[in-house]
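Here's the structure, in structure tokens; my notes come after.
Protein chains: 2
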Amino acid sequence: MGPVHLTSTRPETLPRLLTLLKSASSLGAQIVLFPETALTTFFPRHLITSPSELESYFDSGSTLLTSPNTAPLFSLAKDLNIDVSIGFAERDDDGKGYNTSVYFSASKGEIVAKYRKVHLPGTKEPFENPDAVNQLEKRYFEPGNLGFQAFRAPGLVEGVVKKDSPGADADVKGRGDPILGMMICNDRRWVEEWRCYGLQGVELVLCGYNTAGYAPDLWGTRKPMTPEEAEMDAVFHHKLCMQGNSYMNSCFSVSAAKAGLEDGKYDLIGGSCITSPEGHVLAEAKTKEDEIVFAEIDLEDCRQGKEKTFDFGRHRRIDQYGPITVQSGVVEPELLE
Amino acid sequence: MGPVHLTSTRPETLPRLLTLLKSASSLGAQIVLFPETALTTFFPRHLITSPSELESYFDSGSTLLTSPNTAPLFSLAKDLNIDVSIGFAERDDDGKGYNTSVYFSASKGEIVAKYRKVHLPGTKEPFENPDAVNQLEKRYFEPGNLGFQAFRAPGLVEGVVKKDSPGADADVKGRGDPILGMMICNDRRWVEEWRCYGLQGVELVLCGYNTAGYAPDLWGTRKPMTPEEAEMDAVFHHKLCMQGNSYMNSCFSVSAAKAGLEDGKYDLIGGSCITSPEGHVLAEAKTKEDEIVFAEIDLEDCRQGKEKTFDFGRHRRIDQYGPITVQSGVVEPELLE
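Below, the structure written as structure tokens:
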């Protein structure tokens, strides 16, 4: 998706999503992923002090299928028989905010899975430096409290005998519905999240994002870079994470950016792409505007990795991994001397 | 390194290492990494039934600095003031076998760290298929029992005030000796090992390897590939792991292959490389023969990642990572229906 501005209204933005959905349908898409906070600008870059303004960027997690701001998307998805995953700022019934993605199953006509972003980047307080672009996700959102729950997307695979079907032919390699997992933006840089999905046999990871192309070096630790170099590096890092983690967990991935100059001046990278379980990029965005990135994939391609190099049960050594769940931060080894 | 053959003798192979060490010294190298099982062929590809033949590929872990098979290497390293890390098949004092790396500190004149490979690939029993190339590491070696212990390499950084020095100037950003970690071959594909090192603040990962360029598809799950395509893909996967995990743990890495047609016919990939904390390849091998891959690196380049995007203490959510240390293999999500 191209940018959505602070001045963009819901009635301007929603039709863009519907147009994209129709275009995807004409290509034969079965699943469409929209970016993180696809319905609005990426507002956490701003310190918003007006409660009513802040609320205008949020949607209730429980009324997505009925609210006029969102219902037309899911209604069209059902009509087109396309599953849709989309990111939005969620206000839950207790008034808490989350950076959320849902998965809508066209065959069920329901939201069958919800994910709340766990790895919130940025800070709670705005930067004092007036040149800084804020990243206030830690202010507006709670860390996700739904874990990393992979799920089977019903009704997507035609003509494949399910493992538990009574009439399953022993000669047919049975499989259940595809196993999917959702993550959001910064989550994709965290190997633990990918592994938690991998440990559920995930075959396809969906990741929407809004990633800044350039930010002033407030830490003073970076080598000097032009904005163009910084953006190239940010796209490189994005793809490196998607490719590397897809390979190391033997799964496909789809990532979808909101890109371009949002609010007229804050550069977001593009780089939406689809990667294979061998870590290759199968398709990628060519623009920073509204655009379809499409690939036809065969989930059987996950098997080579899952049954050989990354056969977790045979090769993982959990007795050695203790620090990963015990220790958040760095504990340096003692000096030898 | 180019290949070492079954027919290669120790007195043929050791001088190659000494020559490489001298060449590295002439470039000003402070650390040299040799490959996995650098002293012999990668013998786990063979079913060896003669105990005396098998023992000829092993070295005692406790006599490296005195055995004529290895002492000249460390003696030269001390003379040249170069730290050396090298992989070898280790027979410990209890008769157990390990796939091991050691780190020799020139300034100490001692082996200051030892690592035993944790992620042993392959099988215990040879394949029945006569076309298969065996990978019998699980037969000849025990899984490493020394954990992932990062260590500080003494005496490598000149003129930098140490944190614990009595006269440390408050205006100087102090650092201790560089923090290193060792891994071996297949280990590099396992994010848990990188993360365990990352959680110790690792600045430089050393990884020797022997990776087959092509093997028949015994699993029947891979798309048909020519040997050339398979080798290109294997190099791609190698670099993807080194680049991705360096980036996601904000550390440099050095990887060193034994490459070429070993034992005259078993193809090993090249691709030895040095990667930066931003995931870029700084230097890489151009041949599959004995060759120096050299880069000068600044460990301060790790800071940007460690203090910002990958500031573990601020961003990791260990309460969510439970399955990683509890569950070896895959547990698929329940069917929704």
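Sequences listed follow chains L and H, in order.
Reminder that position 58 of the first sequence reads as 58 in UniProt numbering, one-by-one numbering, no gaps.
Reminder that position 200 of the second sequence reads as 200 in UniProt numbering, one-by-one numbering, no gaps.
Note that the Cβ used here is the ideal one computed from N, Cα and C, for glycine as well.
Bear in mind the structure is a predicted one, so any value in this text is a computation, not a measurement.
Local Cβ density within 10 Å of residue i, reported as buried at 16 or more and exposed below that
{"i": "ASN249 of chain H", "result": "buried"}
{"i": "LYS22 of chain L", "result": "exposed"}
{"i": "PRO51 of chain L", "result": "exposed"}
{"i": "LYS265 of chain H", "result": "exposed"}
{"i": "GLY28 of chain L", "result": "exposed"}
{"i": "PRO178 of chain H", "result": "buried"}
{"i": "GLY95 of chain L", "result": "exposed"}
{"i": "PRO68 of chain H", "result": "exposed"}
{"i": "MET183 of chain H", "result": "buried"}
{"i": "SER105 of chain H", "result": "buried"}
{"i": "ASP136 of chain L", "result": "Residue identity differs from the one stated: residue 136 of chain L is Leu in this sequence, not Asp. LEU136 of chain L should be labelled buried."}
{"i": "GLU90 of chain H", "result": "buried"}
{"i": "LYS223 of chain H", "result": "exposed"}
{"i": "LYS286 of chain L", "result": "exposed"}
{"i": "ASN99 of chain H", "result": "buried"}
{"i": "LEU47 of chain H", "result": "exposed"}
Pair within 8 Å by beta-carbon distance, residue i and residue j
{"i": "ASP263 of chain H", "j": "HIS5 of chain H", "result": "yes"}
{"i": "GLY279 of chain L", "j": "HIS238 of chain H", "result": "no"}
{"i": "GLY87 of chain H", "j": "PRO35 of chain H", "result": "yes"}
{"i": "LEU80 of chain L", "j": "ASP290 of chain L", "result": "no"}
{"i": "GLY213 of chain H", "j": "GLU231 of chain H", "result": "yes"}
{"i": "LYS306 of chain L", "j": "PHE42 of chain L", "result": "no"}
{"i": "SER85 of chain H", "j": "SER101 of chain H", "result": "yes"}
{"i": "PRO273 of chain H", "j": "MET242 of chain H", "result": "According to the sequence displayed, residue 273 of chain H carries Cys and not Pro. Yes, these two residues count as a Cβ contact at 8 Å."}
{"i": "THR211 of chain L", "j": "SER246 of chain L", "result": "no"}
{"i": "GLY244 of chain L", "j": "GLY244 of chain H", "result": "yes"}
{"i": "PRO277 of chain L", "j": "PHE294 of chain L", "result": "no"}
{"i": "VAL32 of chain L", "j": "ILE111 of chain L", "result": "no"}
{"i": "ALA132 of chain H", "j": "GLY181 of chain H", "result": "no"}
{"i": "PHE117 of chain H", "j": "PHE141 of chain H", "result": "Inspection of the sequence shows that residue 117 of chain H is occupied by Lys rather than by Phe. Yes, these two residues count as a Cβ contact at 8 Å."}
{"i": "GLN327 of chain H", "j": "PRO333 of chain L", "result": "no"}
{"i": "ASN186 of chain H", "j": "PRO130 of chain H", "result": "no"}
{"i": "VAL292 of chain L", "j": "GLU192 of chain L", "result": "Before going further, note that residue 292 of chain L is Ile rather than Val in the sequence given. No; because the gap between Cβ atoms is not below 8 Å, this pair is not in contact."}
{"i": "VAL330 of chain H", "j": "PHE312 of chain L", "result": "yes"}
Residue i: contacting residues in chain L (beta-carbon distance under 8 Å)
{"i": "ASP267 of chain H", "result": "Ordered by position in chain L, no residue passes the 8 Å Cβ test against ASP267 of chain H, which lies about 17 Å from the chain."}
Backbone secondary structure at residue i - three-state DSSP
{"i": "SER56 of chain L", "result": "coil"}
{"i": "ASN99 of chain H", "result": "strand"}
{"i": "VAL172 of chain H", "result": "Low confidence applies here, because VAL172 of chain H scores a pLDDT of 41, under 50, leaving its location unreliable; read the following figure in that light. Coil."}
{"i": "TYR247 of chain L", "result": "helix"}
{"i": "GLY305 of chain H", "result": "helix"}
{"i": "ARG152 of chain H", "result": "strand"}
{"i": "LEU47 of chain H", "result": "coil"}
{"i": "LYS114 of chain H", "result": "strand"}
{"i": "THR275 of chain L", "result": "strand"}
{"i": "ILE324 of chain L", "result": "helix"}
{"i": "ILE318 of chain H", "result": "helix"}
{"i": "GLY208 of chain H", "result": "strand"}
{"i": "VAL84 of chain H", "result": "strand"}
{"i": "ALA24 of chain H", "result": "helix"}
{"i": "SER165 of chain H", "result": "In this prediction, SER165 of chain H scores a pLDDT of 47, lower than 50, which makes its location untrustworthy; the coordinate-derived value is nonetheless stated afterwards. Note: SER165 of chain H maps to coil in three-state DSSP."}
{"i": "TYR214 of chain H", "result": "coil"}
{"i": "MET1 of chain H", "result": "coil"}
{"i": "ALA89 of chain L", "result": "strand"}
{"i": "GLU284 of chain L", "result": "strand"}
{"i": "GLU262 of chain L", "result": "strand"}
{"i": "SER107 of chain H", "result": "coil"}
{"i": "LEU39 of chain L", "result": "coil"}
Where residue i meets chain H, residues with beta-carbon distance less than 9 Å
{"i": "ALA150 of chain L", "result": "GLU332 and PRO333"}
{"i": "CYS196 of chain L", "result": "GLN320, TYR321, GLY322, PRO323 and ILE324"}
{"i": "PRO11 of chain L", "result": "What PRO11 of chain L touches in chain H: nothing, since even the nearest Cβ is about 34 Å away."}
Chain L contact residues for residue i, given Cβ-Cβ distances below 7 Å
{"i": "SER328 of chain H", "result": "PHE312, GLY313, ARG316 and ILE318"}
Proximal chain L residues relative to residue i, where beta-carbon distance stays under 9 Å
{"i": "GLU128 of chain H", "result": "Correct list: empty, because the minimum Cβ distance to chain L is about 17 Å."}
{"i": "VAL84 of chain H", "result": "Residues of chain L passing the Cβ test: none, with the nearest at roughly 16 Å."}
{"i": "GLY201 of chain H", "result": "VAL330, VAL331, GLU332 and PRO333"}
Proximal residues of chain H, C-beta to C-beta of residue i below 7 Å
{"i": "TYR247 of chain L", "result": "HIS237 and LEU240"}
{"i": "HIS119 of chain L", "result": "HIS315 and ARG317"}
{"i": "ILE179 of chain L", "result": "GLU332 and PRO333"}
{"i": "GLY147 of chain L", "result": "GLN320"}
Chain H contact residues for residue i, given Cβ-Cβ distances below 8 Å
{"i": "GLY279 of chain L", "result": "PHE236, HIS237 and LEU240"}
Contact with chain A by residue i, beta-carbon distance below 8 Å
{"i": "PRO143 of chain H", "result": "Checking the listed chains, one finds no chain A in this structure; the protein chains it contains are L and H."}
| message | For the segment 306–324 of chain L, list every residue whose C-beta sits within 9 Å of some C-beta in chain H, in sequence order. | response | LYS306, GLU307, LYS308, THR309, PHE310, ASP311, PHE312, GLY313, ARG314, HIS315, ARG316, ARG317, ILE318, ASP319, GLN320, TYR321, GLY322, PRO323 and ILE324
| query | At a Cβ cut of 9 Å, what residues of the segment 226–244 of chain L count as close to chain H, listed as they run along the chain? | reply | ASP233, PHE236, HIS237, LEU240, CYS241, GLN243 and GLY244
| task | Quick one: which residues of the segment 183–195 of chain L get their C-beta closer than 9 Å to a C-beta of chain H? List them in chain order. | result | ASN186, ARG189, TRP190, VAL191, GLU192, GLU193, TRP194 and ARG195
| Within 8 Å of chain L by C-beta, residues of the segment 25–47 of chain H in sequence order | none
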